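Chains as they are written, first to last, in this note's numbering: chain V, 7 to 502; chain S, 3 to 590. Notes for the one structure printed next.
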């Protein structure tokens, strides 16, 4: 992944690309033979039978024979039998304006796409595959961290904001700005990046809260709670941020293909009251006999969801740590908890564990990750997305969205129709962002990979996507002010 | 003859550089080659160049590719240093007399030589210096004040902020004080304006880092004093030439040469770390699997490092010699067979190699990535991409292998290997795999384990428990016990599992020692066999009780290639081991 400013690079590439296109147009190979294939092609990325929003960027794709292609052509056939042809040397590059037009005209419908690939001067025409176009739009931005799939040591990383309607990606904060400190855990209030927070870890360690143009640099570690605030989730009012506080350890499997194990030696849940600058908690959330973590507020702000497990000696009982999803009432007006805990999802009885409960914004569903043990799903290949129907109190896996590899860290779009999550399904190592449509009944359609300008960009990128979060507008920071404030050393100390 | 007289300082400087590089420093540069990558695609060019100093970094990455070859290395660095000296001389000679120009240019080049010899300095930094000086030279041709101002942002973008400062001072030094002041003001203003525009567009870097541009510092969290000093030396020399128009005094000139020569030599000597060079030497050999070469290099060494010992023990194990020859070499304990400290880059690299050779792929992979991430410079690391590709190939993870191989395909040095690997993974039945691709990963059907190198032998025992027929692991296990001086555990292990075949002379030495300390009955039985080993042990014991335990030198001379010497005289790492002073009393 290049960390260069997208706009500068785009202009730089424009000249190169323009020249290359002209050259490529002259390079379309002559076809000596045509062969019809009676099945759909194996696409890269796999966009066969996916459901996409009507405002998504073009799904440029190729086939698995990308490296040996001389030419590829896609004929898009719409519901009213209009045909559009797009082509390219190694991949199909949809014209963005035409693509938008096609999607707009085919909302709620489907596109049939017939692919012809040319290899060794032979054209192979495949059976068409479908792409379904949903009526509902997706939030226009997606924010994520890009980080090497490393372990104890990291160098370059940053938080980025991608426009989902095109391929533009801007840097929110690159850790070069901050003495190569770690930046992580960006989170927005109801997807609004004008009310956001993220952490910095390292010698400039702090928690940054953004309120419009104002940046507040905070110190979350208190004398009472000697742990830092970690996983955040905003209260819908914007007046509170729920955090977990974790003493986390990372260790490495010698043989397990899951490679890494991350677990808590200690954890609790607290809520930061922004108006009064203080951390609050309750005995149920701060109990030495339990590990309590990964909080999330309900969309009405009256309930706090979280995961909890029996506290164990994790040095020897790592594989026995299993978390359920619970909820506790929260009174925002008085900054108090109800004290009544309810177990929503009991997976421990099935010797499983759950992580990252995330309610939909319409209040109907709770999305979570289920896997064998622990609370850090991203290194568990068996981790899958599951849904709790809050009205019917039933749970089910998102079968069409899940894969043979890990699915984890998910978030909802504001209209509760789209989810984005991380998956290692491409190569078992680098995580990528996948988007899936959620039906009325809470089931998911087949997920599709975040589209890139060239499918090759996915292979070239040597960074993993981390913490993908939808945003309703572009997440921007004044980097000069951010740098100045963080490096000044001044911190707003959280009270308890 | 006239040519030699004219360029004598350049010739001597070039000779010094060649001697320093070929004679002493070349292993360091070969190691540096593995830390970086140069790819021939447009994306790498754009990624690297689209920031201040980027083009210098790009050229530096290109040249570093050749650092694996000592002669190319010497040629490149000599050309750089002598080139800097000649260009600086040419610039200064316009302001002052030839002798002063010559000595100041030698001082400047000497400063850069010291920076080049510092591991922490990226080679692109030195390229930036020569490009900045070349830009100064170009201004002599242009001779147009406005054009000079246009060149400033270009120089800034090509060489970075410090390179641009050299350029501004260099241009100013060629003019009268008044004009120099004016031009400097204009150029500094142009530089500041450019810097602000760049900062506005490319906000990713901090304020200072945007000015500096590419930080030619391998570990930016540490300051790069040496490179900064070399910049200031050049700036000072250029400034001096503006004010000192002539210097004919031979004594002063000769003194300056002498001080420069002494300073350069002394700094190169002080900077030279023989331990690190040894590490780099054996590291390079390991990349070519030159196990015999590693063994020869480590022969008869009086001082070793943990890293070099780790490579030695890998080499011995690969050749099946570990249990028989290990103590023919100086051993310093378990850190010489596998390090528990894996936070540093060199330890990550060598331990990745250890675990790769043993088949522990998870950990080899993890450490390869740690080694990559431990350098914060922009483009890295071809060597680790190769290792990661190998691990992916061994694990038959085609998609992951593609990712690394597609990077390596665009390199000069690794592309042939990458293409071969791609052929293999696309046609495994038709293409013969390289030997490393046939390494069998360890299995963990019995019990998986977390990676706990601090538990040394206990950790290896878990690996061995899952892979009982793995000879390499077995050798590592027993040799770790030997290094820990845990001969009781060794004896119990060997007694319990009774492995077949020759265990290796050092194991028998340790068993004999153990019996002598703990089981007199058994010991006497063995001693009665009257073998060369038992006779040697008898002699050793007699030697020790007759004052030999106080004569390390003599002991080493007679018994230095035995485990008994290590056990008796090397640092006691196992608190449970017997008291060394009295252990041989029983033989009397």
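From the three backbone atoms N, C-alpha and C, an ideal C-beta is built for every residue, glycine too. None of the values given here were measured: they were computed from a predicted structure.
Item: Three-way DSSP call (helix, strand, coil) for residue 155(S) in this model; Value: helix
Item: Residue range of the beta strand (DSSP E) that includes residue 102(V); Value: Segment 102 to 111 is the alpha helix (DSSP H) holding residue 102(V); no beta strand (DSSP E) there.
Item: DSSP three-state assignment for residue 454(S), whether helix, strand or coil; Value: coil
Item: Residues near residue 281(S) in its chain [Cβ-Cβ closer than 7 Å; skip 5 each side]; Value: 307, 309, 310 and 348
Item: Contacting residues, own chain, Cβ-Cβ under 7 Å from residue 67(V) (five flanking each side not counted); Value: 49, 50, 51, 53, 97, 98 and 461
Item: Neighbour flag for residue 531(S) against chain V, beta carbons, 9 Å; Value: no
Item: Segment limits, alpha helix (DSSP H) that includes residue 359(S); Value: 347 to 360
Item: Closer than 9 Å to chain V by CB, residue 45(S); Value: yes
Item: Rounded separation between residue 283(S) and residue 29(S) - CA only; Value: 5 Å
Item: C-alpha gap between residue 257(V) and residue 435(V), whole angstroms; Value: 17 Å
Item: Within 9 Å, strictly: CB atoms of residue 199(V) and residue 482(V); Value: yes
Item: Chain V residues whose Cβ lies nearer than 7 Å to that of residue 375(S); Value: 154, 156, 159, 160 and 161
Item: Within 9 Å, strictly: CB atoms of residue 150(V) and residue 474(V); Value: yes
Item: Interface positions of the region 428 to 440 of chain V facing chain S (Cβ-Cβ less than 8 Å), listed along the chain; Value: 432, 433, 434, 435 and 436
Item: Alpha-carbon spacing of residue 573(S) relative to residue 304(S), whole angstroms; Value: 15 Å
Item: Interface residues of the region 204 to 218 of chain S facing chain V [CB-CB below 8 Å]; Value: 204, 205, 206, 207, 208, 209 and 211
Item: Status (buried if at least 16 other CB within 10 Å, exposed otherwise) for residue 248(S); Value: exposed
Item: Sufficient close CB pairs (3 or more, under 8 Å) joining the region 89 to 98 of chain S to the region 129 to 137 of chain S; Value: yes
Item: Contact the region 449 to 468 of chain V vs the region 403 to 410 of chain V: 3+ CB pairs below 8 Å; Value: yes
Item: Coil, strand or helix - residue 120(S) by DSSP; Value: coil
Item: Assigned exposure category for residue 392(V) - 16 Cβ within 10 Å defines buried; Value: buried
Item: DSSP-derived helix/strand/coil call for residue 466(V); Value: helix
Item: Option nearest residue 437(V) by Cα separation, candidates 455(V), 237(V), 169(V) and 446(V); Value: 455(V)
Item: Cα-Cα separation, residue 268(V) to residue 174(V); Value: 33 Å
Item: Where residue 367(S) sits in the DSSP three-state scheme; Value: helix
Item: Contacting positions in the region 246 to 266 of chain V - beta carbon closer than 7 Å to chain S; Value: 257, 258, 259, 260, 261, 262 and 265
Item: Residue 216(V) and residue 245(V) closer than 9 Å at C-beta; Value: no
Item: Residue 362(V) in three-state terms, based on DSSP; Value: strand
Item: Of the residues 207(V), 411(V), 443(V) and 85(V), the one placed nearest residue 428(V), counting alpha carbons only; Value: 411(V)
Item: Closer than 8 Å at the beta carbon, the chain V residues around residue 59(S); Value: Simply none; closest approach about 13 Å.
Item: In chain order, each alpha helix (DSSP H) run of at least 4 residues that lies wholly inside the region 468 to 500 of chain V; Value: 485 to 494
Item: Simplified DSSP state of residue 47(V), which is helix, strand or coil; Value: coil
Item: Where residue 465(V) meets chain C, residues with beta-carbon distance less than 7 Å; Value: No chain C is part of this structure, whose protein chains are labelled V and S.
Item: Residues of the region 364 to 395 of chain V whose Cβ lies closer than 8 Å to any Cβ of chain S, in chain order; Value: none
Item: Interface flag, residue 362(S) vs chain V, CB-CB below 9 Å; Value: yes
Item: Minimum Cβ-Cβ distance from residue 6(V) to chain S less than 9 Å; Value: The question about residue 6(V) has no answer here: the residues shown for chain V are numbered 7 through 502.
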